[in-house]
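Chemist: Right, I'll just put the structure down here and ask away after.
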Amino acid sequence: MSRRHRKSNRREPASAPSGCGGYWLTDQFAPACRECLRFVKPARAETIGQTVDVLASACASSGQYAFQLTVRDEGAQAYRLGQASPDITLPKTGDDSTYLTQTGVLDRKGWTGAMLKTFMAVPCKFRRNPHYKSGHAVKLFSLTRILEIEATELWQQAAAGAITRSKRAQTGVQTKRARLTEYLENLVIEVPSIDRQVLIEAACAHFNKRQDAKCWRGYERGRDVEWEWEPATSDSDWPFLQRITTNYLRHELTHYHHELNRLYGKVDADQSADRLKERVNEAIWKAYPFLSPL
């Protein structure tokens, strides 16, 4: 194919549509600038009812880039939300007393991760990672800019909505926790009635079978260490028999595992699992008082 008829892969600059949020990006911009502009979404601008104009420039020789995000309201008054000229060659030390890290910004009342991306998507300054040489640069946000943004009506509305949603979420978590606690406390646990000697012998057989299975699993996995264990009998130590008999009843003769699986993904699942085990053990000791360690 001749050079004259070869299709060019070069993208022509596309102008941003008027009246809605958008951005234009040409091949002359540095890759870092292109990466920096990925967060710009017209849908976000339309949601807040404003127009977003993105102005970017790059210097191919130095690899540095400048970024500016301007939001114009209906009164055509421009308010600059973010401005950054990051330099990847910044020294490790510097005067960062008037800057906050991303964690510091999120610790302030009303800020969320989504709001930080909306109002200050681009950090005001970058600093080398003080802990890891190959780690990501630390993002710094100007405290002055943060205070200016917090004074705007748009941010205050967003912060109020975030606080309201957070309170609703906390209320929902408390409701779920209360319902789960009530369910566990009212759970009916059935324990079968078995003769004492028959039960102890069955528990010993179950224990010996599990220990023997552990030996075979070790052999299959190539373990050279021999698994030494003493088989359980009805003449073994009584505290030991109490423990393995209680475990046998809980795991094999109750719905413990069924209820345990139902707790998966629930609020406070670990604490609820401990409480479930206590409830089952209490039911076992009530049905078989001789197994109670007390």
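So for the sequence shown, the numbering used here puts the first residue at -17; every next one is plus one.
All C-beta atoms in this analysis are idealised placements derived from N, C-alpha and C, irrespective of residue type, glycine included.
(1) Helix or strand or just coil, what does DSSP make of K107?
(2) With Y277 as the anchor, note down where its alpha helix (DSSP H) starts and where it stops.
(3) Taking T83 as part of the beta strand (DSSP E), name the residues at either end of that continuous run.
(4) For the segment 162 to 173 against the segment 125 to 138, do three or more pairs of beta-carbon atoms, one drawn from each stretch, fall closer than 8 Å, so that the two count as touching?
(5) Can you tell me which of T227, D256 and Y246 puts its alpha carbon nearest to the alpha carbon of P271?
(6) What's the gap between the Cα of T80 and the Cα of K149?
(7) Would you kindly work out how many angstroms separate the C-alpha atoms of R225 and L273, rounded to a whole number?
(8) When the distance is taken between beta carbons, is I176 closer than 8 Å to R232?
(9) Put L235 into one of helix, strand or coil per three-state DSSP.
(10) Check the DSSP bridge columns for F123 and list the partner residues they point to.
(11) From V120, F189 and A103, pick the residue whose C-alpha is nearest to that of L82; which is it?
(12) Could you pull the start and end residues of the alpha helix (DSSP H) that W267 belongs to?
(13) Hey, how far is the Cα of Q84 from the Cα of N263?
(14) Whether or not the segment 175 to 192 and the segment 207 to 221 are in contact is what I'm after, with contact meaning three or more pairs of Cβ atoms, one per stretch, closer than 8 Å; do they touch?
(15) If distances are taken between C-alpha atoms only, which option among N229, Y230 and A103 comes closest to A131?
Modeler: Per the coordinate set shown:
(1) strand
(2) Residue 277 falls outside the range modelled here, since the chain spans only -17 to 276, and no answer is possible.
(3) Y81 to T83
(4) no
(5) T227
(6) 31 Å
(7) 8 Å
(8) no
(9) coil
(10) L82
(11) V120
(12) A251 to A269
(13) 48 Å
(14) yes
(15) Before going on, a small fix: residue 131 reads as Ile here, not Ala. Per the Cα distances, A103.
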